[in-house]
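Q: Residues in the sequence shown are numbered consecutively from 1, following the UniProt record's numbering.
Each residue gets a CB set at the ideal place from its N, CA and C atoms; glycine is no exception.
Values in this document were obtained by computation on a predicted structure and should not be read as measured data.
Take a look at the following structure, please.
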Amino acid sequence: MPIPLLEFTPTTQNQRVDGYEVPGEDTPTIYRLANATSDADIDAIIWAAYRQIFSEHLILEKYRQPFLESQLRNRAINVRDFIRGLGKSDVYRDEVAETNSNYRLVDISFKRFLGRATYGKDEQISWSIVIATKGLHGFVDAIVDSEEYRQNFGDDIVPFQRRRFKDRPFNLVNPRYNDYWRGRLIEQYLGGRSFYQVVRSGQAVQRGVRQAIPANFLSMAASVTPGGAEYQRSSDRARNIASSVQIPDTSRESTTPPPTVKPAQVALPYRYIPGNKTT
Numbered sequence: 001m002p003i004p005l006l007e008f009t010p011t012t013q014n015q016r017v018d019g020y021e022v023p024g025e026d027t028p029t030i031y032r033l034a035n036a037t038s039d040a041d042i043d044a045i046i047w048a049a050y051r052q053i054f055s056e057h058l059i060l061e062k063y064r065q066p067f068l069e070s071q072l073r074n075r076a077i078n079v080r081d082f083i084r085g086l087g088k089s090d091v092y093r094d095e096v097a098e099t100n101s102n103y104r105l106v107d108i109s110f111k112r113f114l115g116r117a118t119y120g121k122d123e124q125i126s127w128s129i130v131i132a133t134k135g136l137h138g139f140v141d142a143i144v145d146s147e148e149y150r151q152n153f154g155d156d157i158v159p160f161q162r163r164r165f166k167d168r169p170f171n172l173v174n175p176r177y178n179d180y181w182r183g184r185l186i187e188q189y190l191g192g193r194s195f196y197q198v199v200r201s202g203q204a205v206q207r208g209v210r211q212a213i214p215a216n217f218l219s220m221a222a223s224v225t226p227g228g229a230e231y232q233r234s235s236d237r238a239r240n241i242a243s244s245v246q247i248p249d250t251s252r253e254s255t256t257p258p259p260t261v262k263p264a265q266v267a268l269p270y271r272y273i274p275g276n277k278t279t
């Protein structure tokens, strides 16, 4: 028996109320399959879906999904199924799902698939249970098949951020720079070990302290040691040289008279004007 979705209280967000704003640069562009009449229109829909779901404005060749693109171009699937396929792809799993906790995965997925942020921690907890019980594919199916998705995007509209008035677009938030992801990289690099070890009973304190330092720390510290004795000798030598330097006395008055510069007569332009007398 599947676990039902836990109840949560929606919070006030600007996409839940009707707006009367004048269209501008923040107004989203709606990509609709029903309005596509050429291959260029289909290409625009595909790239818009890549930007929204993968958060990549320059799509790498290895990120592309040629099978899904072919089905969409031949109208074998609609836009909603194309978005579903991108969410279930290995790219989304590797670049988004595997780099975040379930709570943050819910928040990022809602921003990209539903065009809104989550309603606080309660909704994240509620949908993280769906991830734990149904996996990533079941989680994507639950979002794409939800009533909220159908009401806002239907079968032929690429999801977009609804009514953005502040901050950056949702699809520009990069999940790979989160604290959780950096912690996972450290764990993978250490292979489950820790930088520090607990002092065991019966061991000397000094030995325990040495074990608590990473193996390469002592060699690294020795390589950057400035060398106090050598620095002191160099400093004393510089002071001795500076004290023995004779500075020439330039304060006396010179007995040689300065050279005299006489003004030279210059032929100005007005001297050549007819009717002007020259002296």
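Grouping DSSP H, G and I as helix and E and B as strand, with all else coil, what is Q203?
A: Mapped onto the sequence shown, residue 203 falls at position 203. Only weak support exists for where Q203 lies, its pLDDT of 47 falling under 50; the coordinates are left without a value.
Q: Note down the Cα distance separating R64 from L33, rounded to an integer number of angstroms.
A: Walking along the sequence shown from the start, residue 64 turns up at place 64. Walking along the sequence shown from the start, residue 33 turns up at place 33. Going from the Cα of R64 to the Cα of L33 covers about 19 Å.
Q: My assumption, with CB atoms under 8 Å, is that V96 sits in contact with I83. Please give the rounded CB distance.
A: Within the sequence shown, the letter at position 96 stands for residue 96. Within the sequence shown, the letter at position 83 stands for residue 83. With 8 Å as the limit, V96 and I83 do not qualify as a contact, their Cβ atoms being about 14 Å apart.
Q: Thinking C-beta only, is V130 closer than 7 Å to A117?
A: Counting from 1 along the sequence shown, the entry for residue 117 is found at position 117. Counting from 1 along the sequence shown, the entry for residue 130 is found at position 130. No, the pair does not count as a contact, with Cβ atoms beyond the cut-off.
Q: Provide the residue(s) that pair with I157 in DSSP beta bridges, ordered along the chain.
A: As a working note, residue 157 is residue 157 in the sequence shown. Answer is R32.
Q: Leaving aside the five residues before and after G154 along the sequence, list all residues of the same chain whose C-beta is less than 8 Å from its C-beta, in chain order.
A: As a working mapping, residue 154 is identified with position 154 in the sequence shown. R80, listed in sequence order.
Q: Cβ of Y31 within 6 Å of any heavy atom in the ligand MG?
A: With respect to the ligand MG, the structure offers nothing, as it holds no ligand at all.
Q: What is the DSSP secondary structure of N74, reduced to helix, strand or coil?
A: What you label residue 74 is simply residue 74 of the sequence shown in a count that begins at 1. Coil, per DSSP.
Q: Between the Cα of G135 and the Cα atoms of E98, N74, K111, I77, which residue gives the shortest distance?
A: Mapped onto the sequence shown, residue 135 falls at position 135. Nearest of E98, N74, K111, I77 to G135, Cα basis: E98.
Q: Starting from the C-beta of I46, find all residues in its chain whose C-beta is less than 6 Å away, skip the five residues before and the five after it, and write them out in chain order.
A: The sequence position of residue 46 within the sequence shown is 46, counting from 1. Correct list, in chain order: E69.
Q: Report the three-state DSSP secondary structure of K121 (helix, strand or coil).
A: In the sequence shown, counting from the first residue as 1, residue 121 sits at position 121. Correct three-state label for K121: helix.
Q: Tell me where the alpha helix (DSSP H) around S109 begins and ends.
A: Here residue 109 is taken as the residue at index 109 of the sequence shown, counted from 1. Its alpha helix (DSSP H) spans residues 102 to 109.
Q: Have a look at E56 and V91 and give me their C-alpha separation to the nearest angstrom.
A: Within the sequence shown, numbered from 1, the residue matching residue 56 stands at position 56. Within the sequence shown, numbered from 1, the residue matching residue 91 stands at position 91. Straight-line Cα distance between these residues: approximately 11 Å.
Q: Using CA atoms only, rank isn't needed, just tell me which of V158, N152, F139, L86 is closest to F67.
A: Looking up residue 67 in the sequence shown gives position 67. Of the listed residues, the one whose Cα sits closest to F67 is L86.
Q: Assuming G87 is part of the alpha helix (DSSP H), what are its boundary residues?
A: By 1-based counting over the sequence shown, the position of residue 87 is 87. 79 to 87 is the span of the alpha helix (DSSP H), which, as asked, contains G87.
Q: Once DSSP output is grouped into helix, strand and coil, what is the label at G138?
A: Here residue 138 is taken as the residue at index 138 of the sequence shown, counted from 1. It is helical.
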